[in-house]
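Step one of this worksheet: look at the structure below.
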Amino acid sequence: MNEHVICCQNLSKSFVQGELNVTVLKDVNLNLRKSECIAIVGASGTGKSTLLHLLGGLETPDTGVVHVNGQNLAQVTEAGLGRIRNKSLGFVYQFHHLLSEFTAIENVAMPLLIRKIPAQIAKEKSIEMLTRVGLEHRLQHKPGELSGGERQRAAIARAIVTEPDCILADEPTGNLDEKTANQVFNVLLELNQAMNISMIMVSHNTGLLKSFDKILTLHSGTLNESDRQSA
Ligand SMILES: Nc1ncnc2c1ncn2[C@@H]1O[C@H](COP(=O)(O)OP(=O)(O)OP(=O)(O)O)[C@@H](O)[C@H]1O
Ligand SMILES: [Mg+2]
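Quick note: the sequence shown uses the working numbering, first residue 230, plus one each step.
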């Protein structure tokens, strides 16, 4: 029994930088419950992206363990890790990473086609998700024909089309103006509530932080819960 979507214990990670071995994360512990929304804040270079990469199985920790839905990421095969990422996790980045030669529908359908879901069903599901994020009028547009906020909403639709248990979002509104950032953020919060998707989001936008269940600050390699006033 494990009620946590993601939990990690004693995660540490160092990188070699020139002649130095720099410890970025030291004994980091984090538990994410179903439907919970956690914000991670901290100065540039403190390891926020590194932490998300470790939680999503995109990098391996030097020490410590990550469990996603009770599965220890260190004990699954590369193919198993791919399945956990495709089934349980959705990733949203500061840059949208949509494929430029494909339409919004095709981009959003991609994770389902990778899962070998029939094309017609994948298409219907993509339209449903693009509609959820308010892009029902942009289905056939390619990324170059979308605004920054629309691209980011398409990227969110792609992250949720598989109905993941958790979204890992790394500054998803970082490239957007304040109004568009708020709209994109509200889309994520609505999805969190409507679809019970848990969320861990790295954000520098202090105006958005009040909406999170918990705010965690990374500083000198350690992660601590902040009170809302000081965050
Ligand atoms: N693959 C790598 N090789 C060497 N050093 C790395 C690597 N990835 C990250 N680092 C270093 O680890 C530290 C943390 O990087 P990270 O990208 O996690 O920071 P961050 O908190 O996300 O910063 P930002 O807010 O600027 O995005 C930085 O000093 C960075 O140079
Ligand atoms: Mg980062």
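Yeah, the Cβ is synthetic: ideal placement off N, Cα and C, and Gly gets one too.
Out of Thr391, Glu374, Glu454, point me to the one whose CA is closest to Ile313's CA.
Taking the sequence shown and counting its residues from 1, the one referred to as residue 313 is at position 84. Taking only the C-alpha atoms, the option nearest Ile313 is Thr391.
Given the structure, does Thr275 come close to ligand 1, in the sense that its CB is under 7 Å from one of the ligand's heavy atoms?
By one-based count along the sequence shown, residue 275 stands at place 46. Answer for Thr275: yes, Cβ within range of ligand 1.
Could you check where the alpha helix (DSSP H) with Ile356 kicks off and where it finishes?
Taking the first residue of the sequence shown as position 1, residue 356 is located at position 127. Run containing Ile356: 348-361, per the alpha helix (DSSP H) assignment.
Can you tell me whether Val251 sits near ligand 2, meaning its C-beta is under 7 Å from at least one heavy atom of the ligand?
Here residue 251 refers to the residue found at position 22 of the sequence shown. Every heavy atom of ligand 2 is 7 Å or more from the Cβ of Val251, so no.
Going by Cα to Cα distance, which pick from Ser432, Ile396, Gln412, His448 is closest to Met424?
Position 195 of the sequence shown holds residue 424. Measuring from the Cα of Met424, the nearest candidate turns out to be Ile396.
By a C-beta neighbour count over all protein chains shown, 10 Å radius and 16 as the cutoff for buried, is Gln381 buried or exposed?
Sequence index remark: in the sequence shown, residue 381 carries index 152 (1-based). Looking at its Cβ environment, which holds 16 or more other Cβ atoms inside 10 Å, Gln381 is buried.
Let's see if you can read the secondary structure: which residues bound the beta strand (DSSP E) around His282?
In the sequence shown, counting from the first residue as 1, residue 282 sits at position 53. Premise fails: His282 lies in the alpha helix (DSSP H), 277-284, not in any beta strand (DSSP E).
Leaving out five residues before and five after Gly403 in sequence, what residues of the same chain have Cβ atoms less than 6 Å from its Cβ?
To locate residue 403, count along the sequence shown from 1; it is residue 174. Excluding residues within five positions, the ones whose Cβ falls inside 6 Å are Gln323.
Starting from Ala410, follow the alpha helix (DSSP H) in both directions and report where the run begins and ends.
Along the sequence shown, read from residue 1 onward, the residue named residue 410 stands at position 181. 407-424 is the span of the alpha helix (DSSP H), which, as asked, contains Ala410.
Where DSSP assigns a beta bridge to His366, which residues make up the other side?
Here residue 366 is taken as the residue at index 137 of the sequence shown, counted from 1. Beta-bridge pairing links His366 to no other residue.
Would you check if the distance between the CB atom of Leu302 and the CB atom of Leu310 is smaller than 8 Å?
As a working note, residue 302 is residue 73 in the sequence shown. As a working note, residue 310 is residue 81 in the sequence shown. Yes, the Cβ-Cβ distance between Leu302 and Leu310 is below 8 Å.
Hey, how far is the Cα of Ser329 from the Cα of Lys371?
In the sequence shown, the residue the question calls residue 329 occupies position 100. In the sequence shown, the residue the question calls residue 371 occupies position 142. Those two C-alpha atoms are separated by around 6 Å.
Pick helix, strand or coil for Glu232, following the three-state DSSP scheme.
Along the sequence shown, one-based indexing puts residue 232 at 3. Note: Glu232 maps to coil in three-state DSSP.
Just mark His296 as buried or exposed, buried being the case when its beta carbon has 16 or more other beta carbons within 10 Å.
Locating residue 296 in the sequence shown gives position 67, where the first residue counts as 1. When all chains shown are included, His296 counts as buried.
Does DSSP classify Arg380 as helix, strand or coil?
Numbered from 1 along the sequence shown, position 151 holds the residue referred to as residue 380. Reduced to three states, the DSSP call for Arg380 is helix.
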